[in-house]
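K.L.:
In UniProt numbering, the protein residues as written are 1 to 234. Quick one: structure below, then a few questions.
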Amino acid sequence: MDMPNLNSEPKLIANQLWGAMPHRVRQRLAPFLKRVPLTSGTELTEAGKKCCFVYFPTHGQVTIFYVMSPKYEVVIASVGKEGIVGACTLVEGPVFKLRSLVNVSGSAYRLPSSLLKTELVQNTQLQSVFLSYLHQRMLDASQMALCNRFHTIEQQLSRFLLSVSTAAPAQHIFLTQELIAKNLGVRREGVTLAASKLQRLGVICYHRGHIHILNREHLSQCACECDFDASLPI
């Protein structure tokens, strides 16, 4: 098993939630971490299936879906280097109908969820860190619901591209229309029309899934006012 020693931990602190955890907890958990790639379009967790790991992304972005049925699902969160994927495995009870899908390729550190769960039970400071993080995620989910209800597809697409570009290492992004449509909860035709308009305005260049942001300032003006806070309020 590929186990990093404690000397590798400074690189992992690029993940904000990990960096906020108590130092002694990080020391105990670090030997069990494994660095894994995040590849766009790959599922990290499946709806209704128990997952034995949590993931701390250091680069890239992962979208969390709540799955109502094979045909119906809705985005409830996007996770990057500020957070954790698989937090639901730390809670007792029925398996959540959540699936996580990589939007932007990158990397993460994987940890057996049972180890983190044990630390959470024993450490009140760690509990406080996670409660603060989950509180922010709840606020983001509420704002996302409002955004999906009241803002146009063009506004949502602009906001989404800004979010994704922040997680991407360059202004070039690869996203299929199908993946964008899933993230926005709209039909592919709506994405096509919105992307075409942004391209005509000279904001982006979009061809066969390859997106180049040409004018970030103009893209910000096209986006809705929703700004999901990626910081940890502690």
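Heads up, the beta-carbon is just placed ideally off N, CA and C, and yes, glycines get one too. Remember, it's a predicted structure, so these values are computed and weren't measured experimentally.
1) Among Glu-73, Ser-196, Leu-214, whose alpha-carbon lies nearest the alpha-carbon of Glu-46?
2) Mapping the DSSP letters down to three states, classify Asn-215 as helix, strand or coil.
3) By Cβ distance below 8 Å, which residues in the same chain neighbour Thr-39 in space, the five residues on each side in sequence not counted?
4) Just checking my contact of Gln-155 with Cys-88 at CB under 8 Å: how many whole Å lie between their CB atoms?
5) Taking Glu-178 as part of the alpha helix (DSSP H), name the residues at either end of that continuous run.
6) Pick from Arg-26, Ile-84, Leu-29: whose alpha carbon is nearest that of Gln-136?
7) Within the present structure, is the beta-carbon of Val-164 separated from the nearest heavy atom of the ligand FMN by less than 7 Å?
8) Roughly how many angstroms separate the alpha carbons of Val-91 and Cys-205, rounded to a whole number?
9) Is the beta carbon of Gly-93 sitting closer than 8 Å to the one on Gly-80?
10) Checking the sheet assignment: what are the DSSP bridge partners for Gly-106?
11) Grouping DSSP H, G and I as helix and E and B as strand, with all else coil, what is Val-79?
12) Which residue marks the beginning of the alpha helix (DSSP H) containing Met-68, and which one marks its end?
13) Between the C-alpha atoms of Phe-174 and Ser-114, what's the straight-line distance to the nearest angstrom?
P.N.:
Considering the structure as presented:
1) Sorting Glu-73, Ser-196, Leu-214 by C-alpha distance to the C-alpha of Glu-46 places Glu-73 at the top.
2) Under the three-state reduction of DSSP, Asn-215 is assigned to coil, being neither helix nor strand.
3) Closer than 8 Å at the Cβ level, and outside the excluded window around Thr-39, lie Val-102, Ser-105.
4) Contact doesn't hold; Cβ gap of about 30 Å is too wide.
5) 177-184 is the span of the alpha helix (DSSP H), which, as asked, contains Glu-178.
6) The residue among Arg-26, Ile-84, Leu-29 with its C-alpha nearest the C-alpha of Gln-136 is Ile-84.
7) Absence of the ligand FMN is noted for the structure shown, with no ligands found whatsoever.
8) Approximately 43 Å, taken between the alpha carbons.
9) The criterion of a C-beta distance shorter than 8 Å is not satisfied by Gly-93 and Gly-80.
10) In DSSP, Gly-106 forms a bridge with Leu-38.
11) Secondary structure of Val-79 (DSSP, three-state): strand.
12) Taken as a continuous stretch (DSSP letters only), Met-68 belongs to no alpha helix (DSSP H), being part of the beta strand (DSSP E) at 53-69.
13) So the alpha carbons of these two residues sit roughly 34 Å apart.
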